[in-house]
Ligand SMILES: Nc1ncnc2c1ncn2[C@@H]1O[C@H](COP(=O)(O)OP(=O)(O)OP(=O)(O)O)[C@@H](O)[C@H]1O
Ligand SMILES: [Mg+2]
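Chains as they are written, first to last, in our numbering: chain P, 65 to 295; chain F, 390 to 794.
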């Protein structure tokens, strides 16, 4: 596989201010991510996995260090540029699905396109196509409350694809699902990575899942302590 | 895109039905109050304007200074007399002058007795007066010169169960102070139910039966064309003062042009409307605070949604607009309901006024600006009330918002 860096994490620190106490969640993390790869991030709870993923996804800015996304340093961007990055370059899939409960599946998938000023008819057409892709073509008008956990996560995956991002960031996407459903979700994400060439970064606690990744990054106390290639 | 934001806001409002309704009540009470009060005020204003149009701008009214209704002056020195009337008739610029004797006295018809306003006038003046009142004879005839103990009655006298059990007909007679008056005619309805209860008799006859001396309760003057009404009025005031031997600023009579009367009406009106507007403003303020409160709660409740929207690319300004539309929408819904309720109240009052008070003065008028203005204003109040909560929502950090439980 051709190895081109899409993300570079360079000596990244994230220090949370809790009242008077400073808590460093990331303490000089370094990591390169290659275009089109499937990277799993593992580590104990509290080791900084989500924090790292959030700074890659421009949800949060590091206190120190650089996060380069396609060569652009995220920490130099202003609020509206950050939202552009989140909207166009990144697709998020969360453990808790994070769908808008008052909106239907279709509307949830349309929403990222709304923020990019895309024409309504195009949005509907594309959202329908994406929901078909994740196997929910018959549940377009159901709200999240009317869907199972696995189905909700499928909606979230469809939504993450709405603006054709290069990178999909998944933070324990199977964490709230039973093992069978979890497997289906994993297969879906892997399929997107393989067939559509997306870069997939997935935080997981499950070694069996991590084993299917191209590489595994091991985090401990806010640092990447080990990167292992696929066995 | 704005359309999509409207859709988002609408969905969120619908999801919080009960609270949205309660919030909206705060606005629609205020708007309903404004709309009904202004519509009635407008109607009243229009009606009064019409009445004055009827009267005409070229009229001057002279009456003794009194707090009571015309005819209530008793002191001899204060009374205007036929000499004053003659004098006024001859002042430069006066086309004609009509003197009215207005008295309220007991009137008997068959077994019934009622106290009514009796207007004594020269029979020849009655036709002119009809024009001023904007009415006409619908039964019988008007008074004519030489008539004595004849009466023309206002419209309501001829209606069953209005003043009399059985309405008076032409040819009947009524008794005033023990004298029989033959009813020779009846007027059509005017817009003023008070006037519809008047009885018109020859002035000399009325003086005779009531034993009043030489008295004019009110004198109405028409100014000749080409003369300035105000100047003629001033001339009447000055000359009549000299004629009556009174000192300046101590006149026992007052001279007002029809325009001055209209103006003082309008002034009172302005004050009433200002007070009403004040009350309405307070209730809208309270409604606005209600919206603000709801929006703060909504922002809290939807912190996670805000985080989600930001994580999929919403800019701060997008969040701001979404919340502003939502609060504006709440205001607008309240406004629309308020306009509807205000309309019903206004029309209800009008209906009650026509059917129970018998006046067409209290009409509810709904100019377009009132409806459009109310809607725009309630949207504006909603948006303003939502501004601070919306700013707070837009400034939330995505990670913090996503972590919110
Ligand atoms: N907003 C915050 N304010 C303060 N401390 C925070 C904040 N976010 C994370 N932390 C702390 O930073 C550390 C790393 O958090 P992070 O969520 O990245 O862990 P994680 O590796 O994803 O853990 P888990 O596997 O439980 O999800 C934790 O100790 C956490 O308490
Ligand atoms: Mg985590």
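Cβ coordinates follow ideal geometry from the N, Cα and C atoms, glycine included.
CA-to-CA distance, residue j to residue i, given in whole angstroms
i, j, result
"residue 152 of chain P", "residue 175 of chain P", "12 Å"
"residue 208 of chain P", "residue 169 of chain P", "7 Å"
"residue 218 of chain P", "residue 258 of chain P", "17 Å"
"residue 101 of chain P", "residue 673 of chain F", "59 Å"
"residue 116 of chain P", "residue 237 of chain P", "16 Å"
"residue 184 of chain P", "residue 392 of chain F", "9 Å"
"residue 244 of chain P", "residue 696 of chain F", "29 Å"
"residue 442 of chain F", "residue 620 of chain F", "20 Å"
"residue 411 of chain F", "residue 492 of chain F", "56 Å"
"residue 288 of chain P", "residue 154 of chain P", "22 Å"
"residue 521 of chain F", "residue 477 of chain F", "19 Å"
"residue 134 of chain P", "residue 229 of chain P", "12 Å"
"residue 419 of chain F", "residue 138 of chain P", "50 Å"
"residue 534 of chain F", "residue 661 of chain F", "45 Å"
"residue 127 of chain P", "residue 78 of chain P", "5 Å"
"residue 728 of chain F", "residue 754 of chain F", "13 Å"
"residue 615 of chain F", "residue 485 of chain F", "14 Å"
"residue 786 of chain F", "residue 737 of chain F", "52 Å"
"residue 204 of chain P", "residue 226 of chain P", "15 Å"
"residue 517 of chain F", "residue 453 of chain F", "22 Å"
"residue 761 of chain F", "residue 627 of chain F", "50 Å"
"residue 579 of chain F", "residue 538 of chain F", "24 Å"
"residue 657 of chain F", "residue 689 of chain F", "48 Å"
"residue 664 of chain F", "residue 764 of chain F", "21 Å"
"residue 651 of chain F", "residue 483 of chain F", "21 Å"
"residue 536 of chain F", "residue 455 of chain F", "31 Å"
"residue 72 of chain P", "residue 156 of chain P", "18 Å"
"residue 166 of chain P", "residue 172 of chain P", "9 Å"
"residue 269 of chain P", "residue 290 of chain P", "15 Å"
"residue 698 of chain F", "residue 742 of chain F", "55 Å"
Residue j beta carbon less than 8 Å from that of residue i
i, j, result
"residue 557 of chain F", "residue 642 of chain F", "no"
"residue 95 of chain P", "residue 281 of chain P", "yes"
"residue 506 of chain F", "residue 567 of chain F", "no"
"residue 708 of chain F", "residue 772 of chain F", "no"
"residue 447 of chain F", "residue 612 of chain F", "yes"
"residue 415 of chain F", "residue 679 of chain F", "yes"
"residue 76 of chain P", "residue 89 of chain P", "no"
"residue 487 of chain F", "residue 608 of chain F", "yes"
"residue 216 of chain P", "residue 253 of chain P", "no"
"residue 751 of chain F", "residue 432 of chain F", "yes"
"residue 540 of chain F", "residue 515 of chain F", "no"
"residue 714 of chain F", "residue 398 of chain F", "yes"
"residue 490 of chain F", "residue 605 of chain F", "yes"
"residue 131 of chain P", "residue 263 of chain P", "no"
"residue 265 of chain P", "residue 231 of chain P", "yes"
Check: residue i C-beta below 7 Å from any heavy atom of ligand 2
i, result
"residue 267 of chain P", "yes"
"residue 704 of chain F", "no"
"residue 235 of chain P", "yes"
"residue 114 of chain P", "yes"
Residue i: CB within 7 Å of a non-hydrogen atom of ligand 1
i, result
"residue 693 of chain F", "no"
"residue 107 of chain P", "yes"
"residue 789 of chain F", "yes"
"residue 91 of chain P", "no"
"residue 111 of chain P", "yes"
"residue 793 of chain F", "no"
"residue 98 of chain P", "no"
"residue 87 of chain P", "yes"
Contact test: residue i Cβ vs ligand 4 heavy atom, cutoff 7 Å
i, result
"residue 80 of chain P", "This structure lacks ligand 4; the ligands present are ligand 1 and ligand 2."
* Are at least three pairs of beta-carbons, each pair with one atom in the stretch 424-431 of chain F and one in the stretch 715-735 of chain F, less than 8 Å apart? -> Contact between the stretch 424-431 of chain F and the stretch 715-735 of chain F is present, because at least three Cβ pairs lie under 8 Å.
* Ordered list of beta strand (DSSP E) runs contained in the stretch 577-624 of chain F, each at least 3 residues -> The beta strand (DSSP E) runs of length 3 or more contained entirely in the stretch 577-624 of chain F are, from start to end of the chain, 588-591, 607-612.
* Asked: How do the stretch 101-111 of chain P and the stretch 259-277 of chain P stand: do at least 3 beta-carbon pairs fall below 8 Å, yes or no?
  -> Between the stretch 101-111 of chain P and the stretch 259-277 of chain P there are three or more C-beta pairs closer than 8 Å, enough to call the two in contact.
* Unbroken beta strand (DSSP E) runs of length 3 or more, entirely within the stretch 630-669 of chain F: which are they? -> Fully enclosed beta strand (DSSP E) runs of 3 or longer: 642-646.
* Asked: Is the stretch 81-89 of chain P close to the stretch 238-251 of chain P, with three or more CB pairs under 8 Å?
  -> In short, these stretches do not touch, since the Cβ pair count stays below three.
* Take every Cβ of the stretch 115-131 of chain P, pair it with every Cβ of the stretch 193-202 of chain P, and state whether three or more of those distances are shorter than 8 Å. => The stretch 193-202 of chain P and the stretch 115-131 of chain P do not touch, with fewer than three beta-carbon pairs separated by less than 8 Å.
* **Complete beta strand (DSSP E) runs within the stretch 735-774 of chain F (minimum length 3 residues, chain order)** => List check, beta strand (DSSP E) in window: nothing returned.
* To do: Would you mind listing the alpha helix (DSSP H) stretches within the stretch 677-714 of chain F that are 4+ residues and don't spill past its ends, in chain order?
  => The DSSP assignment places complete alpha helix (DSSP H) segments of no fewer than 4 residues inside the stretch 677-714 of chain F at 692-700, in order along the chain.
* Asked: Are at least three pairs of beta-carbons, each pair with one atom in the stretch 472-491 of chain F and one in the stretch 619-636 of chain F, less than 8 Å apart?
  -> Touching, per the Cβ criterion.
* Asked: Can you give, in chain order, each stretch of the beta strand (DSSP E) that sits fully within the stretch 458-523 of chain F and has at least 3 residues?
  -> Restricting attention to beta strand (DSSP E) runs no shorter than 3 residues, the stretch 458-523 of chain F encloses them at 483-498, 501-510, ordered along the chain.
* Asked: What are the uninterrupted segments assigned as beta strand (DSSP E) that are 3 or more residues long and contained completely in the stretch 185-271 of chain P, given in chain order?
  -> DSSP runs (the beta strand (DSSP E)) wholly in the stretch 185-271 of chain P: 231-235, 263-267.
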